[in-house]
Amino acid sequence: MTSTTTAASALEREKRQTLAELYALLAKCFEHPSEAFYEAARTGRFDAEVRTRLERLGVDVEPAPTLEASHGELREAYLRTFEGFDGPAAPPVESVHEPWWDGRERELLAGPAEADAKRRFDVIDAEVPARYPADHLAVLLEYASLVLEAGRDDEYADFHEHHLDWLETFAERVAAIDGASYYQWAAETTARVVADVGDRFVASVDTDGGEGG
Numbered sequence: 005m006t007s008t009t010t011a012a013s014a015l016e017r018e019k020r021q022t023l024a025e026l027y028a029l030l031a032k033c034f035e036h037p038s039e040a041f042y043e044a045a046r047t048g049r050f051d052a053e054v055r056t057r058l059e060r061l062g063v064d065v066e067p068a069p070t071l072e073a074s075h076g077e078l079r080e081a082y083l084r085t086f087e088g089f090d091g092p093a094a095p096p097v098e099s100v101h102e103p104w105w106d107g108r109e110r111e112l113l114a115g116p117a118e119a120d121a122k123r124r125f126d127v128i129d130a131e132v133p134a135r136y137p138a139d140h141l142a143v144l145l146e147y148a149s150l151v152l153e154a155g156r157d158d159e160y161a162d163f164h165e166h167h168l169d170w171l172e173t174f175a176e177r178v179a180a181i182d183g184a185s186y187y188q189w190a191a192e193t194t195a196r197v198v199a200d201v202g203d204r205f206v207a208s209v210d211t212d213g214g215e216g217g
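The numbering of the sequence shown is our numbering, which starts it at 5 and goes up by one.
Here it is, written out as structure tokens:
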């Protein structure tokens, strides 16, 4: 192996690790906001962590909006945006945005996407957090992070194709909800990362013809 090839392999490993870290960070945006997450978002620490990785991957997105809400107000915004206790919502759950078992658009939970996500977690002997369905966006991003960290590039490519193709539609639905600027940024940033870096990574796997290592 030449030094050029070794350097290229090291760069790909670094990009894989950075993308894994970025997915794990973005997953936090779609969990019910804890006090720790709120403080990180309010002080700008969270945005700094995200932007560091975006810069490493060459992705240019808007910075996170200044979070002036209280923790309680952020929790209310999460519920209003994703769970619809007061009007239209954009559930961060793949089954809602994908065809049902009969091929029709039903916007229901526990569809084919959740069944396949559960199967994938079983294969890697990992547990789905009890609080969320297996095809919840926070869980899907955590899974993507896990398989990237494990160097399972082929599995990531397949997962990317089958489970991360609904995020642009999701981001559009979030954008239509009033008073959800922070979650609008989170949804748009996640969709952009998947469509840009994720697609490029999958293309590199297809070109190489196998898993990275």
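All C-beta atoms in this analysis are idealised placements derived from N, C-alpha and C, irrespective of residue type, glycine included.
Query - Cβ pair Tyr42, Leu83 closer than 8 Å - result: no
Report task. Compare the beta carbon distance of Thr173 and Leu30 with 8 Å and say whether it is the shorter of the two. Result -> no
Query - When Phe125, Glu159, Gly155 and Asp129 are compared against Val143, the one with the closest alpha-carbon - result: Phe125
**Report entry** Sequence ranges, alpha helix (DSSP H) only - wholly within the region 132-211, length at least 4
**Finding:** 141-153, 157-167, 171-179 and 185-197
**Report entry** Status (buried if at least 16 other CB within 10 Å, exposed otherwise) for Ser38
**Finding:** exposed
Query raised in the report: Cβ of Ala134 less than 8 Å from any chain C Cβ?
Result: Any reference to chain C falls outside this structure, which holds one protein chain only.
Query raised in the report: Distance, Cα to Cα, Thr70 vs Ile181?
Result: 18 Å
Query raised in the report: Would DSSP call Val97 helix, strand or coil?
Result: strand
Report task. Kindly indicate which three-state DSSP category Val65 falls into: helix, strand or coil? Result -> coil
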